[in-house]
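Position one of the sequence shown corresponds to residue -15 (the numbering used here), numbered consecutively onward. Quick reminder that beta carbons are idealized off the backbone N, C-alpha and C, glycines included. This report refers to the structure that appears directly beneath it.
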Amino acid sequence: MSAIEPVISVRDVGMTYSARDGSRNTVLRGCDFDIAPGEFVSIVGQSGGGKTTLLKIISGLLQNTEGEVLVRGRDVTEALRDIAMVFQSPTLLPWRNNLANVMLPMEFRKRATPEARAHARELLDLVGLGDKAKNYSYELSGGMQQRVSICRALVSHPEILLMDEPFGALDAMTRDSMNFELQRIWQETRRSVLFVTHSIPEAVWLADRVLVVGDRPGRIIADIRVDLPRPRAKETRYLDEFAELVAQVERLLGVEAGIS
Ligand SMILES: Nc1ncnc2c1ncn2[C@@H]1O[C@H](COP(=O)(O)OP(=O)(O)O)[C@@H](O)[C@H]1O
Ligand SMILES: [Mg+2]
């Protein structure tokens, strides 16, 4: 363990959902890990394994039934403004232009200042949409909409960016370019990122560490360091170390065959 104070500490977190009929469903148990400042951590696991539940707990959207989540040593409920989440679908408001969508979190915080607007424009520039500030989401492709929602997540300068399968709905080529885009944004903004994906190659390509979630109940079955050189390039995928890491995660998840 390094001496650097973690940004997020997930301590023995468990979650049991209780249904109205009294039945209980334990979906997470004993999840325990830290995330360092500026670290990029991917999470992979079978569908239904509790990954979204874990992200909702870390974002404060959902109350865990066991353990605790600390953000720089404070309870997560006191640190909500340090955390932003990006979901699988962009969830942009159709009656607002792109700049106004990016500004939404600042309006909620009553901080829609000229400086905040300038920052929102910078973020749109950063993702290559500087000329689309006055356009509406229906005028954008799916990949562009997801870039706008990443800007919206970053506009309040959160320390932690939680991403729940953000590129899951995109076609393979758009997804590849979004991975490059995300790597660049991460390198320029140096947030801690927790990134859920069902694509093992995507998880490995982006991350400093890959957490593997086993299911029934969900728990961390492996925490794998990825020491591939940065920045990652297209050619990174052809390295032996890359293939070995992907194969290691596939074995852990019991993936027998298939391409993803
Ligand atoms: N609000 C909820 N109430 C009850 N059960 C839920 C709720 N949300 C998720 N679950 C259950 O928790 C399990 C894990 O779901 P989820 O966290 O969405 O997994 P993943 O994101 O890994 O696919 C699933 O069995 C799901 O049915
Ligand atoms: Mg999910």
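Check, Outcome
"Environment of threonine 181 [buried if 16+ CB atoms lie within 10 Å]", "buried"
"Glutamate 107 versus arginine 131: straight-line alpha-carbon distance, rounded", "Note that residue 107 is leucine in the sequence shown, not glutamate. Cα to Cα, the separation comes out at about 10 Å."
"Proline 78 versus glutamate -11 - alpha carbon distance", "41 Å"
"By C-beta, the residues closer than 5 Å to any heavy atom of ligand 1, given in chain order", "Tyr1, Val11, Ser31, Gly32, Gly33, Gly34, Lys35, Thr36, Thr37"
"Span of the alpha helix (DSSP H) around valine 233", "224 to 237"
"Continuous beta strand (DSSP E) stretch holding alanine 68: start and end", "67 to 70"
"Spatial neighbours of serine 140 in its chain, beta-carbon cut-off 7 Å, leaving aside the 5 residues before and after", "Arg65, Ala68, Pro89, Met90, Arg93"
"Aspartate 59: CB within 7 Å of a non-hydrogen atom of ligand 2", "no"
"Test item: CB-CB of aspartate 199 and glycine 29 under 8 Å", "yes"
"Rounded distance between the beta-carbons of leucine 145 and valine 70, thought under 8 Å", "7 Å"
"Cβ contact (3+ pairs, closer than 8 Å) linking the stretch 186 to 193 and the stretch 161 to 170", "yes"
"Check: glutamate 149 C-beta below 7 Å from any heavy atom of ligand 2", "yes"
"The stretch 43 to 58 / the stretch 223 to 233 touching (three or more Cβ pairs under 8 Å)", "no"
"Span separating the alpha-carbon of glutamate 149 from that of glycine 127", "13 Å"
"Given serine 26 as reference, the closest of Pro201, Val196, Leu237 once Cα atoms are compared", "Val196"
"Of the listed residues Asn163, Ser121, Leu110, Thr0, nearest to asparagine 85 (C-alpha basis)", "Ser121"
"Where the beta strand (DSSP E) through glutamate 50 begins and ends", "50 to 55"
"Residue burial classification, alanine 104 (beta-carbon count within 10 angstroms, cutoff 16)", "buried"
"One or two residues paired with asparagine 9 in a DSSP bridge", "Tyr1"
"Classification of proline 74 by the beta-carbon crowding that lies within 10 angstroms, buried from 16 upward", "buried"
"Beta carbon of proline 185 nearer than 8 Å to that of valine 239", "no"
"Of the listed residues Glu23, Val177, Pro201, Arg95, nearest to aspartate 211 (C-alpha basis)", "Glu23"
"Beta-carbon proximity check, valine -9 vs proline 201, cutoff 8 Å", "no"
"Assigned secondary structure, alanine 217 (DSSP; H/G/I helix, E/B strand, else coil)", "coil"
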